[in-house]
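Here the structure is laid out as C-alpha cells; the discussion comes afterwards.
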Amino acid sequence: MFSPDRGYIENLGLVSVIILSSEQSEVKGKLNIVEEIVCFKNDKPYRMTVRSIKNSNLSFRYKIESSKEISEKEYEEILKISSE
Numbered sequence: 688m689f690s691p692d693r694g695y696i697e698n699l700g701l702v703s704v705i706i707l708s709s710e711q712s713e714v715k716g717k718l719n720i721v722e723e724i725v726c727f728k729n730d731k732p733y734r735m736t737v738r739s740i741k742n743s744n745l746s747f748r749y750k751i752e753s754s755k756e757i758s759e760k761e762y763e764e765i766l767k768i769s770s771e
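Residue numbers (the working numbering): 688 to 771.
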C-alpha cells in the first residue's frame with residue numbers, strides 16, 4: 688500500500704489518502720471534510736494540511752497549505768491509528 692496505483696483514494700476516518708501529480712496545488716474530489724490528508728507525489732507519501740476553498744454536497748476542493756514528506760514507517764503508523 689506504500690506505492691498505490693494512480694487514482695487510489697481511501698478515506699480513513701479523519702485522514703484521506705490520495706495521489707497527486709508533482710505540480711498539483713489543489714485536491715479535488717469526493718473526500719471527507721478533513722484538514723489533514725496523506726498524499727502521494729512521485730510514489731512518496733506526504734502529510735499535508737489543506738484548506739477547503741469550495742464545497743457542495745457532491746465535491747470538495749482543497750488548497751494545499753503545507754506539505755511534509757514522511758517515511759514509510761510514519762505512513763504505516765497513520766494507517767494503523769486511522770483504522771482504530
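The C-beta atom is built at its ideal place from N, Cα and C for all residues, glycine as well.
If the five residues before and after K755 are omitted, its C-beta is found closer than 8 angstroms to the C-beta atoms of Y733, R734, M735, all from its own chain and listed in chain order. Spanning the alpha carbons of E752 and E759 requires a straight line of approximately 22 angstroms.
Within the same chain, and ignoring the five residues on either side of K767 in sequence, no residue has its Cβ closer than 7 angstroms to its Cβ.
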